[in-house]
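I have placed the structure first, in the form of structure tokens, so that the comments after it can refer back to it.
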Amino acid sequence: MSRTRAPAVAGFFYPEDSAELESAVASYLAAVPVPPSSAPAPKALIVPHAGYVYSGPVAASGYARIAGQRRTIRRVVLLGPSHRIALRGLAASGADAFLTPLGAVPLDREAIDQILDLPQMRIFDAAHRDEHSLEVQLPFLQVLLEDFSLVPLSVGDAEPEEVGEVIERLWGGPETLFVVSSDLSHYYDYETARRLDAATTRAIEALDAQALEPESACGRVPTRGLLVAAKRHGLSVETVDLRSSGDTAGDKQRVVGYGSYVFA
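Mapping the sequence shown onto this note's numbering, position 225 (from 1) lands on 222, and the numbers just tick up by one.
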């Protein structure tokens, strides 16, 4: 029997109406300056996962870099932190598709089967049922990519090398894109957040997984794993956007930081 994971945060983090959602994503992307034609095709992105009114413009800055790979990217490996369920290691989903108001995204069951023998991996649907960190990325991917399958991974307590091992198994070629879903600092005043997020950005640009502290990013664990894999493959990082909710839609007394980073 086919199983579909229903949206958990449509109407809260992003519009529930399909036309309104598609228009919102398109407007965020349209506001991003056209990337230089010489920019290499991304292998991985780090993008934020808050409500679109807060982080949508920053996420769009990263996603705009894959617009030229609309027909090339056929598989997206999506990693995000588990906010609601305590989890050791990484959890894949047993579903056949993830649904958003823009339609169903099929899961790459064959790819998921390729990593389930790793001791840090398991199928655990409870970690996906109410989780927003992966779901909010899907409409951007649905608008930008022509036809793709998904490997959604909810990440709990894991060492960088454990996450990196999973990424390595699925590395593939230009048909595979990795997306790590992560916000940066949480609930500091605007200037403190700017300092903390600048330090986090320096660590990401240096591919220094050990320099990331627990307060650096809520997606610190999958981010560290990506940095390990990126260093192994000789990728470089470009910071394409670095703002906070104080810049987008909130006050500056208590902000959340957002960054978009491109690995190529």
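Yeah, the Cβ is synthetic: ideal placement off N, Cα and C, and Gly gets one too. On a predicted model such as this, the values are computed, not experimentally measured, just so you know.
| Check | Outcome |
| --- | --- |
| Quick one: Cα of H80 to Cα of R199, how far? | 25 angstroms |
| Pull up the distance between the alpha-carbon of A265 and that of V218, whole angstroms please. | For the chain, the structure presents residues -2 to 261; residue 265 sits outside this window and is missing. |
| Between D93 and P103, which are expected to be in contact by the criterion C-beta below 8 angstroms, what is the C-beta distance as a whole number of angstroms? | 7 angstroms |
| Taking 9 angstroms as the cut-off, decide whether the C-beta atoms of E13 and A21 are in contact. | no |
| What residue range does the beta strand (DSSP E) around Y255 cover? | V252 to F260 |
| Checking 9 angstroms against the spacing of the C-beta atoms, do V148 and D105 come in under that value? | yes |
| Rounded C-beta distance between D238 and S257? I'm assuming under 8 angstroms. | 4 angstroms |
| Hey, quick one: how far does the alpha helix (DSSP H) through I82 stretch, first residue to last? | No alpha helix (DSSP H) holds I82; DSSP gives it neither H nor E. |
| Taking 9 angstroms as the cut-off, decide whether the C-beta atoms of T236 and K40 are in contact. | no |
| What are the residues that DSSP puts in a beta bridge with E235? | V259 |
| Taking a contact to mean a Cβ-Cβ separation below 9 angstroms, would you say Q250 touches P171 in this structure? | no |
| Since R72 is in the beta strand (DSSP E), which residue starts that stretch and which ends it? | R72 to P78 |
| Tell me, to the nearest whole angstrom, how far the beta carbon of P45 is from that of D180; I am working on the premise that it is less than 8 angstroms. | 5 angstroms |
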